[in-house]
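Take the sequence shown: its letters are residues 85 to 515, numbered as in the working numbering. Quick reminder that beta carbons are idealized off the backbone N, C-alpha and C, glycines included. Below is one structure, written out as structure tokens; comments come after it.
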Amino acid sequence: MARRNRRGLRLPIITIGPFESMAGDSKVLENGKDEDYVTVMRFVLPLDEEEFVPETYSVTSAAWDSPIEIKLYQIEDASEDQIFQWGKIFSLGANMQLQNLPFSIFSDNRGKYPCFFAQIVFPFRLNDWRNPSQEKIEQKNLTGIYSKDKLLALEILNKLFASEKYSKDVRLLEYEDVTNFVETYFRKGHSQAHLYQHLILLDSRNAFEEGIEEFLGDDLWDHVSGFVRKKEGEAINTEADLHEIVMEVIIDIIKHQIENRNWIQAFWNDTHKTKIKGKMISIPKQPKREPSIQPTLQVLLCISLNPLGVHVERETAEGVGSLDFKCLFTTKDGTPLCVLVEFKLAHGDIKHGLEKQLPAYLTANKSNHGIYLIMWFKDEEGRVFKKPQGRTKMEMIAQLNQIAESIYQEKGFIITTEMIDASVRPSASNL
Numbered sequence: 085m086a087r088r089n090r091r092g093l094r095l096p097i098i099t100i101g102p103f104e105s106m107a108g109d110s111k112v113l114e115n116g117k118d119e120d121y122v123t124v125m126r127f128v129l130p131l132d133e134e135e136f137v138p139e140t141y142s143v144t145s146a147a148w149d150s151p152i153e154i155k156l157y158q159i160e161d162a163s164e165d166q167i168f169q170w171g172k173i174f175s176l177g178a179n180m181q182l183q184n185l186p187f188s189i190f191s192d193n194r195g196k197y198p199c200f201f202a203q204i205v206f207p208f209r210l211n212d213w214r215n216p217s218q219e220k221i222e223q224k225n226l227t228g229i230y231s232k233d234k235l236l237a238l239e240i241l242n243k244l245f246a247s248e249k250y251s252k253d254v255r256l257l258e259y260e261d262v263t264n265f266v267e268t269y270f271r272k273g274h275s276q277a278h279l280y281q282h283l284i285l286l287d288s289r290n291a292f293e294e295g296i297e298e299f300l301g302d303d304l305w306d307h308v309s310g311f312v313r314k315k316e317g318e319a320i321n322t323e324a325d326l327h328e329i330v331m332e333v334i335i336d337i338i339k340h341q342i343e344n345r346n347w348i349q350a351f352w353n354d355t356h357k358t359k360i361k362g363k364m365i366s367i368p369k370q371p372k373r374e375p376s377i378q379p380t381l382q383v384l385l386c387i388s389l390n391p392l393g394v395h396v397e398r399e400t401a402e403g404v405g406s407l408d409f410k411c412l413f414t415t416k417d418g419t420p421l422c423v424l425v426e427f428k429l430a431h432g433d434i435k436h437g438l439e440k441q442l443p444a445y446l447t448a449n450k451s452n453h454g455i456y457l458i459m460w461f462k463d464e465e466g467r468v469f470k471k472p473q474g475r476t477k478m479e480m481i482a483q484l485n486q487i488a489e490s491i492y493q494e495k496g497f498i499i500t501t502e503m504i505d506a507s508v509r510p511s512a513s514n515l
């Protein structure tokens with residue numbers, strides 16, 4: 085069932101609650117007393133740079149015998165981020181609607197570096213390593229408090245921030261400020277060999293939904309809201325009608341947002357550093373690959389089309405290959421309609437997908453309307469990205485339009501080609 089977000093739009097997702105991943109066998113923690121173990125918890129701090137004071141602190145309380153050590157430190161990039169490196173292997177989506185969304189959308193720093201971490205060393209065994217009973221799971225779903233361990237960690241941090249030991253004024257943390265964290269368990273006196281690790285993701289109410297909302301941004305949500313209000317009530321009776329509404333979303337929502345609002349960061353991998361053969365190497369800015377871009381396009385298609393009754397499927401098996409997007413609608417008299425969308429990054433052999441793949445998918449679906457969507461990354465001077473070499477955007481558009489016309493004349497398929505320019509361009513203030 086679709087949920088409504090804070091703007092009243094129906095989201096094509098089912099909110100995902102917290103989920104966990106473990107490394108090691110939790111049974112090794114069943115023996116002995118709590119005091120025989122050490123638990124280290126790490127998570128991203130929601131602090132601004134001016135609020136951050138890197139140091140190792142000690143906090144005491146009557147609630148526990150030994151002092152709790154807190155280390156606040158900065159990391160420079162994703163390679164140092166243990167939570168990101170573990171979390172990025174997961175496919176975060178729901179009911180096949182949103183697959184393989186980048187984990188950075190749901191990370192507490194939203195993939196931005198440098199960022200600040202807290203490491204809290206508990207001189208005892210925390211208890212959330214045990215698998216909760218169904219009753220406890222239901223209680224957690226009602227209260228929104230899923231981890232007593234995280235709650236304790238935040239209480240300790242707030243005690244530090246409220247004390248004279250911390251030299252900056254910082255607002256006290258709330259449960260929803262931290263949604264991802266990792267716990268590592270050691271036997272006391274053996275800090276070099278961990279026994280068990282426990283990763284918890286999306287540990288707050290609506291963390292999944294809010295990550296997507298923030299990723300898209302207020303301007304895009306407002307744009308989509310206006311589009312949906314304008315189109316609600318318009319009849320879709322034919323495949324041509326469905327084709328028209330899908331094209332309107334592509335041009336009025338997706339293309340406009342990317343080209344006119346410069347919303348391109350979702351489609352680029354930022355410049356970053358990585359360690360190769362023991363040396364830190366700088367990797368230049370590069371476009372993401374098609375499989376990494378498709379989920380974002382699906383989100384944009386879904387939030388715009390689902391409220392109008394149009395269902396969007398991704399990577400559907402058509403018997404002759406996997407189609408990128410299939411837009412489906414059932415008319416009031418029960419007639420099923422579909423429009424197929426094939427997506428490609430601009431490259432030297434761009435015509436193959438239009439000449440061969442999309443017509444084959446249309447034939448397999450007994451459909452006459454298709455869309456060939458291309459994303460262009462080459463900037464005018466070729467400073468950021470140079471491919472496809474020897475081709476201009478206008479030359480490629482003209483070639484694809486000519487091929488689409490030939491396909492219509494030969495096979496009767498009505499294929500619209502559309503190119504979206506996601507290249508890095510100077511800001512308006514620099515023009």
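Cβ separation of residue i and residue j, assumed to be a contact under 8 Å, to the nearest whole Å
i	j	result
residue 254	residue 245	5 Å
residue 442	residue 374	Incorrect: roughly 15 Å between the Cβ atoms, too far for contact.
residue 339	residue 353	So it is not a contact: roughly 22 Å between Cβ atoms.
residue 269	residue 280	5 Å
residue 112	residue 153	23 Å between Cβ atoms; not a contact.
residue 459	residue 311	The pair is not a contact, with the Cβ atoms about 21 Å apart (cut-off 8 Å).
residue 520	residue 261	Look at the range of the chain in this structure, 85 to 515, and you will see that residue 520 is not part of it.
residue 291	residue 125	No, residue 291 and residue 125 are not in contact; Cβ-Cβ is about 18 Å, not under 8 Å.
residue 135	residue 252	5 Å
residue 329	residue 392	7 Å
Residues near residue i in its chain [Cβ-Cβ closer than 7 Å; skip 5 each side]
i	result
residue 345	303
residue 188	194, 195
residue 410	397, 400, 422, 424
residue 337	307, 308, 311, 384, 388
residue 210	123, 233, 267
Spatial neighbours of residue i in its chain, beta-carbon cut-off 8 Å, leaving aside the 5 residues before and after
i	result
residue 324	453, 498
residue 180	Residue placement at residue 180 cannot be trusted, given a pLDDT of 38 that sits under 50; the coordinates are not used to answer.
residue 525	Outside the displayed span of the chain (85 to 515) sits residue 525, for which this structure offers no information.
Classification of residue i by the beta-carbon crowding that lies within 10 angstroms, buried from 16 upward
i	result
residue 327	buried
residue 319	exposed
residue 182	Low confidence applies here, because residue 182 scores a pLDDT of 44, under 50, leaving its location unreliable and the question unanswered by this model.
residue 408	buried
residue 382	buried
residue 501	buried
residue 287	buried
residue 493	exposed
residue 274	exposed
residue 202	buried
residue 451	buried
residue 322	exposed
residue 474	exposed
residue 299	buried
residue 289	buried
residue 168	buried
Identified DSSP bridge partners for residue i
i	result
residue 406	401
residue 123	206, 269
residue 153	142, 205
residue 505	460
residue 395	412
residue 426	456
residue 55	Nothing can be reported for residue 55: it is not among the residues displayed for the chain, which extend from 85 to 515.
residue 370	353
residue 380	Answer is none; residue 380 lacks a bridge partner.
residue 281	107, 268
For residue i, three-class secondary structure by DSSP
i	result
residue 197	coil
residue 286	coil
residue 457	strand
residue 321	coil
residue 493	helix
residue 105	strand
residue 158	strand
residue 112	helix
residue 259	helix
residue 472	coil
residue 276	coil
residue 128	strand
residue 499	strand
residue 252	coil
residue 309	helix
residue 330	helix
residue 148	coil
residue 465	coil
residue 234	helix
CB contact below 8 Å: residue i versus chain C
i	result
residue 146	No chain C appears in this structure, which consists of one protein chain only.
Sequence-distant residues of the same chain with beta carbon closer than 6 Å to residue i, five excluded per side
i	result
residue 394	411, 413
residue 283	105, 170, 266
residue 278	268, 270
Distance cut-off 7 Å: residue i Cβ against heavy atoms of the ligand COA
i	result
residue 477	With respect to the ligand COA, the structure offers nothing, as it holds no ligand at all.
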